[in-house]
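Position one of the sequence shown corresponds to residue 4 (this note's numbering), numbered consecutively onward. Every residue, glycine too, gets a C-beta built ideally from N, C-alpha and C. Because the structure is a prediction, the values reported are computed rather than measured.
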Amino acid sequence: MGIIKVLPFVLLAVGMFLVFKKIRQVPSEMTTKSPSRKMLGCCVCETHIPEREAIMYRDKVYCSEAHLKQGLGEDE
Numbered sequence: 004m005g006i007i008k009v010l011p012f013v014l015l016a017v018g019m020f021l022v023f024k025k026i027r028q029v030p031s032e033m034t035t036k037s038p039s040r041k042m043l044g045c046c047v048c049e050t051h052i053p054e055r056e057a058i059m060y061r062d063k064v065y066c067s068e069a070h071l072k073q074g075l076g077e078d079e
């Protein structure tokens with residue numbers, strides 16, 4: 004008879020757990036992957052960096068200003 008008295012509380016606890024789990028869930032539109040980011044290789048050290056962080060000069064890619072200067076020194 005003890006189980007019959009405890010069963011409603013167990014069911015209530017499980018129900019509350021499921022509700023809170025659903026509330027905390029991130030909406031599916033927020034979990035979609037961000038658009039792929041193009042990676043470019045530095046023409047001096049060949050390190051790959053995101054396109055948005057790259058320094059582009061004369062159709063060449065550089066990972067830093069130091070490598071840009073180094074690359075310009077080689078072109079002359």
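Between the Cα of Y60 and the Cα atoms of G74, K41, V17 and H51, which residue gives the shortest distance?
-> Ranking G74, K41, V17 and H51 by Cα distance to Y60 puts G74 first.
My guess is that L71 and E54 are in contact by the Cβ rule of under 8 Å, so how many angstroms apart are they, rounded?
-> The C-beta distance from L71 to E54 rounds to 16 Å, too long to meet the 8 Å contact threshold.
Between the C-alpha atoms of Y65 and V17, what's the straight-line distance to the nearest angstrom?
-> One C-alpha to the other measures close to 56 Å.
Kindly list the residues whose CB is nearer than 7 Å to the CB of C46, restricted to its own chain and excluding five residues on each side of it in sequence; keep chain order.
-> Around C46: K63, V64, Y65 and G74.
Helix, strand or coil at K24 according to DSSP, with G and I counted as helix | The answer is helix: DSSP assigns K24 an H, G or I state.
By Cβ distance below 6 Å, which residues in the same chain neighbour H51 in space, the five residues on each side in sequence not counted?
-> Only residues of its own chain outside the window of five on either side were considered, and among them M42 and G44 have a CB closer than 6 Å to the CB of H51, listed in chain order.
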